[in-house]
Amino acid sequence: MREFLMVLLTAAIVTYLVTPLIRRLALAVGAMTAVRDRDVHSVPIPRLGGVGMLLGFGAAVLLGSQLPYLGQLFSSTPAIYGVLAGAAIITLLGAVDDVHDLDWLTKLAGQVLAGGVMAFFGVRLLQLPILGVTVLPEPVMVMLTILVVVISTNAVNFIDGLDGLAAGVVLIAASAFFAWTYLVSRAFDPPNVFHQATFISAALIGVCLGFLPHNFHPARLFMGDAGALLLGLLLAASTISMTGSVDPNSSLASASAATAILLPVLIPLAVMALPFLDVLLAVLRRTRRGQLPWKPDRGHLHHQLLDIGHSHRGAVVLLYLWSALIALGAVSFAYLQVWTSVVGIVLLLTLALALTWQPSRPTTWARR
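For the working numbering, count along the sequence shown from 1 and bump the result up by 20.
Below, the structure is given as structure tokens:
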């Protein structure tokens, strides 16, 4: 745990310290988010926050490669270096888009390239732990890996509509995933794919923690596409490392490993349930209007919360609550007795429903 905490803190500190410098860079190059009809901010805000996040993740990788225990992971596989390469590609793609507004086809091609690079370095699905273990042919596992990356990056990009929303939701997702992967990784020595997933999750937590103070309402800097795509890729990388990278013919395919690869199928789906729902509703809504599915509008879940009376901060915190309810509720079954998890989930569900449909009078902090 000590080395994972060192990785987390390094990512957080570096991200926090370099983000003000990235803000100056964004102002210098004109990377600004203009005010549009669907937006909730009233003045242009600089973006490119994802560049600072990438530097924080890179610092975590550099530290991890030098640590006594985690260093064994880096010497045994190039996978995490592949994640770093994919992260650099997708951050560069997003940064260019933040400055020049790329077309959707170029952005999709960049996402496919980043996913392909990760797959080349070994971060890819080997099997599907659903209805029994199904070993995948290499072309299929590469295509599915890329598909997971594309879906995850775009889902995070979709929820990046309020100050602090995307970073907070991904922070909750990574925390839930870290809690599970760390529990499983303790049963194995030397480090393997379980430690790889735990490392990526720890670094992702740190990156989000370091960026949130600059991004929570009122935001001084937006993460931009550079940040949203990066967070989505890292979330996908940790999921793929844990869920589909265990060869059923290897020594890791024991009874405990079989159990380990089932819950991670549910946790990412659970924590990304709201973004995926938002994507689905947006596609249906726009298609019904005769619009292109990727045409922006002001009908996202966070917009609807604002419309029924929630403040900016209140809507963000409420979506944090829903994400925590689903993600931490799923992982709680690995730590607690079933009845304890069920009672806790029911209580949180009741609270979330009450707060959602009965927005309280804004407090001083919520009105800011």
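Even for Gly, the Cβ is constructed at its ideal location relative to N, Cα and C.
Can you tell me which residues form a DSSP beta bridge with residue i?
i   : result
M26 : According to DSSP, which records beta bridges pairwise, M26 is partnered with nothing at all.
I65 : T53
What is the DSSP secondary structure of residue i, counted as helix, strand or coil?
i    : result
T97  : coil
F296 : helix
H237 : coil
V103 : helix
P159 : helix
G310 : coil
V303 : helix
I110 : helix
V214 : It should be noted that the sequence gives Phe, not Val, for residue 214. It is helical.
D245 : helix
H330 : coil
V34  : helix
Q378 : coil
V143 : coil
D121 : coil
S271 : Only weak support is given to the placement of S271: the predicted model assigns it a pLDDT of 46, under 50, and the value that follows is read from those uncertain coordinates. In this structure, S271 counts as coil in the three-state DSSP scheme.
P40  : helix
L373 : helix
L87  : coil
M21  : coil
Could you please give the first and the last residue of the uninterrupted alpha helix (DSSP H) stretch that includes residue i?
i    : result
G181 : Run containing G181: none; DSSP gives neither H nor E here.
Q131 : W124 to F140
G188 : L185 to S205
Could you check whether the Cβ of residue i sits closer than 7 Å to any Cβ belonging to chain B?
i    : result
L338 : Here there is only one protein chain, and chain B is not present.
Next on the checklist: Does the contact criterion of 3 or more C-beta pairs under 8 Å hold for the segment 298-309 versus the segment 156-164?
Outcome noted: no
Checklist entry - Counting pairs of beta carbons, one from the segment 63-71 and one from the segment 239-253, are three or more of them closer than 8 Å? => result yes
Next on the checklist: Quick test of the definition: if touching needs 3 or more C-beta pairs under 8 Å, does the segment 223-242 touch the segment 87-98?
Outcome noted: no
Item to check | Whole alpha helix (DSSP H) elements within the segment 332-369, 4-residue minimum | outcome: 332-355
Checklist entry - Counting pairs of Cβ atoms below 8 Å between the segment 30-40 and the segment 222-229, do you hit three or more? => result yes
Checklist entry - Taking one C-beta from the segment 185-204 and one from the segment 337-355 each time, how about it: are there three or more such pairs within less than 8 Å? => result yes
Checklist entry - At a cut of 8 Å, does the segment 129-142 reach the segment 290-301 through at least three beta carbon pairs? => result no
Item to check | At least three beta-carbon pairs within less than 8 Å, the segment 105-112 to the segment 128-135 | outcome: yes
Next on the checklist: When you compare the segment 361-378 with the segment 338-352, are there three or more beta-carbon pairs, one atom per stretch, that lie closer than 8 Å?
Outcome noted: yes
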